[in-house]
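Residue numbers (the numbering used here): 10 to 1004. Glycine included, C-beta positions come from ideal geometry on N, C-alpha and C. None of the values given here were measured: they were computed from a predicted structure.
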């Protein structure tokens, strides 16, 4: 018997489809990854299971960051599984290939992205079976039909199956979906590689990412920061008066009734005076004078805001609780997936389907019976008063896209975390509020006129709270945060025809303020409404419902910009870095500003909409994208001027060499000399090792000739590292030059150089000898570990680095270690072997006589073995009695290795542990070349590395300029196979010489 395979986008939708089809298709049997009946097999993806990539023959592994291999425009795209969902993909592909499956139904979300998810899965299933089909985009050859749902009620699903769309009807949408995906790849990959290649021309590796969505988003933040920096504050005055009536006093603020808006100066307002003398003259003129009063009172209403889509929920949570967009998304996703308490959160709709009235009634019933004391009474009130009605502002099929608004489900949640409860409450309150009556106010506007000058007073009284009752507001309550003479207060009554007296008047001096920096809430709003930045009417209309990014991707776009060091998050503000300004300068200078403008998205959306309706071919669109990609690459490749035009700074700190002026260019800071004098030649890069200087850092660096430790540097191989920067005087050049300082100071205990620590504050007592510990160079040292005036011969060897595995160790933390034996938990260590970050304490290990790692105790994921209970208990009791922490790890790369190992299941760790024990016994035989360096005989791997380092240090083979590099002598050249290697390559090279 033949069957139809139905592929939904998410497991929850698959379950809804099964529930809806059971009455008409019979019982479904549940399996691990799918449901099966006599007629249907229903399974699901979990979002994207497959992604596109360039075939290997068209994309290089080495040299991809150079112009020599750009642009990359493959004639077709291959597919590869998304790593974290491989098992789900394999299950779906296996079902699609079943011989009894003769038809596929695409039940992914009703939109462009849902179409793409299904098409790539189906193409991947065929590509595995018939090599080469990825080139044509052909599929399995089985008929495809489309389930198009905008409502998830059982009847709507059954109706959808009765009206399945043909594959031919969906070709336009399928072409648009593929084209958008491939165009983003072409522009993002080529743009990023071209800008990185341009910025890395002078050496080093300066990763410069660009993208159709991320770069215009960054441009919005940079443009606002430029406005703030260029803003010149202006003085203005407001005139505030107090008026005495028979019933009491009330405030008022002066305004000019003849004022008209000035399009040239948006800071001008009706209540602002720009001259102090004029403001004071008005205040003096009306003080003590009688005033006539006119007033108008009118009722106004305020409806509840609409239901949440993801962006509005993220904005609300950011504004109320300070949650980042990423945090809110993960909380909402947990409430949807784990607790089944919210509907699908990654939605851009704020409406419900028109057939959802019954579901809303049921949800109200659930909330009324939920036991949530702060919300249940309002749900009961909505039911009793019959507030739920099929109104267009809530139920509108035309405003529902792939998904409808976020609302509570019929599942009452339990066991929520504090953050989950806060977000759930936000959604429930908004869901209740949207059906409640509008809030009703009485707004009174009073004009007091004295000797020809007008003062306005506004009062706003809440008459009926309506939906505001859900948020704790009561009738006749004063509005919070009411300001003097502003909205939000009851006004003392004034009788008709009564004259009032101007009691006190004051001209208050104020300053205009620059626009506020973006927070995540306001940036999400700007991304959503990015169409307003587009001047072309057609493109603006195409972007009207799209914006920059999608609700599902906006959080990751913002996080990506922060991770790439384009923006910093300070409190709730997002601040662009020097790297961000440099990118905008580069795009303008190269003439590829379209990468930074939302018009690019508008143009694409316009053309993709044409493609969906069959008015534009996929080939034509992709040809235009390829041309645009080539032009971007060629603009960067052929740019031959020394600098890029831009708005550059002149530093306040003088040149350390000649005292002249230091100016910024695109790539460097250069001395331009004193007035009337020639430049002295002092110059240094703006981007040492791929990290752009901030302006304040440059000033500090020039003034102190040292800065750091700083994070965010990258080696030529792309590895991140932390270091200090120093200005060192070059005797040959007779000038200063920038150098990295990795903390490899000469040991004064060996050189005999006297160290002066007298000007410093000690951090605490030395854990070895009890004398004082000070900062010295890139280390913390005991005063008895270095030669000093009072103690010329060192007798202690306590020393600990200021940077350990990329983790800066601040003075406060070292002081805490010296006082208590342990730092706080530090979270920026990076394993040298795995390159993964890890958290650890630094602790004094008295037995080893040095500072070592200590890790948080973790509860075992596995139950104890039988018979082990007593031993465990005894061990714990012994530890508790001794009050000793677990033995700390050695503060080296081995500890980082141990962190990664902890993440593996215990069963998997057992086998390697045995191997390690064997190797330590010394069972490895070195090659003849290696034996010439470390000696013959069986050795352990750790012993080999130690002996190699002893040999390297004894013969002074560490490179003087780059202490991470090792220069080979005659013996090591035979081991290394080249004249120089980095310390990171050492372990791999040694492995080839051991058997």
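Is residue i near residue j, with beta carbons less than 9 Å apart?
i            : j           : result
residue 82   : residue 589 : no
residue 1006 : residue 698 : Here the chain has residues from 10 to 1004 only, and residue 1006 is not among them.
residue 22   : residue 37  : no
residue 61   : residue 98  : no
residue 527  : residue 219 : no
residue 655  : residue 594 : yes
residue 302  : residue 512 : no
residue 133  : residue 58  : yes
residue 974  : residue 990 : yes
residue 509  : residue 292 : no
Excluding the 5 residues flanking residue i on each side, which residues of the same chain have their C-beta closer than 7 Å to its C-beta?
i           : result
residue 4   : Outside the displayed span of the chain (10 to 1004) sits residue 4, for which this structure offers no information.
residue 500 : 259, 453, 455, 466 and 468
residue 410 : 120, 357 and 358
What is the rounded straight-line gap between the Cα of residue i and the Cα of residue j?
i           : j           : result
residue 397 : residue 414 : 16 Å
residue 121 : residue 384 : 38 Å
residue 141 : residue 66  : In this predicted model, residue 141 has a pLDDT of only 41, less than 50, meaning its place in the structure is not dependable; the value taken from the coordinates is given anyway. Using only the alpha carbons, I get a separation of about 14 Å.
residue 309 : residue 468 : 12 Å
residue 620 : residue 696 : 43 Å
residue 33  : residue 167 : 9 Å
residue 47  : residue 378 : 39 Å
residue 565 : residue 313 : 30 Å
residue 822 : residue 796 : 25 Å
residue 794 : residue 813 : 20 Å
residue 16  : residue 577 : 41 Å
residue 939 : residue 998 : 10 Å
residue 53  : residue 372 : 26 Å
residue 144 : residue 835 : Only weak support is given to the placement of residue 144: the predicted model assigns it a pLDDT of 47, under 50, and the value that follows is read from those uncertain coordinates. The alpha-carbon atoms of residue 144 and residue 835 are separated by roughly 49 Å.
residue 179 : residue 118 : 13 Å
residue 748 : residue 209 : 18 Å
residue 817 : residue 581 : 25 Å
residue 833 : residue 339 : 28 Å
residue 74  : residue 354 : 38 Å
residue 474 : residue 330 : 24 Å
What would DSSP say about residue i, mapped onto helix, strand or coil?
i           : result
residue 615 : helix
residue 511 : strand
residue 386 : helix
residue 885 : For residue 885, the pLDDT reaches just 42, beneath the cut-off of 50, and the residue's location in the model is therefore unreliable, although a value from the coordinates is still provided. DSSP places residue 885 in helix when its eight states are reduced to three.
residue 958 : helix
residue 155 : strand
residue 78  : helix
residue 964 : coil
residue 218 : coil
residue 822 : helix
Nearest to residue i by alpha carbon, out of the options?
i           : options               : result
residue 380 : 257, 801, 421 and 349 : 421
residue 76  : 260, 292, 44 and 201  : 201
residue 269 : 428, 828, 281 and 389 : 281
residue 461 : 290, 723, 341 and 481 : 290
residue 40  : 337, 20 and 983       : 20
residue 442 : 100, 449, 864 and 391 : 391
residue 994 : 502, 976 and 980      : 976
residue 603 : 43, 223, 1003 and 127 : 223
residue 942 : 959, 374, 675 and 987 : 959
residue 337 : 326, 840, 644 and 345 : 326
residue 979 : 964, 733 and 778      : 964
residue 838 : 849, 261, 831 and 829 : 849
Whose C-beta lies closer than 8 Å to the C-beta of residue i among residues of the same chain, with five residues either side of it excluded?
i           : result
residue 919 : Any reading at residue 919 must be qualified, since the residue scores a pLDDT of 40, below 50, and its modelled position is unreliable; no value is offered.
residue 613 : 189, 192 and 221
residue 408 : 358, 359 and 360
residue 318 : 356, 357, 358, 359, 414, 415 and 560
residue 855 : 776
residue 109 : 10, 11 and 12
State yes or no: is the C-beta of residue i nearer than 8 Å to some heavy atom of the ligand COA?
i           : result
residue 218 : Looking for the ligand COA in the displayed structure turns up nothing, as the structure carries no ligands at all.
Can you give me the Cβ contacts of residue i inside the same chain, cut-off strictly under 6 Å, excluding the 5 residues immediately before and after it?
i           : result
residue 266 : 463
residue 682 : 669 and 688
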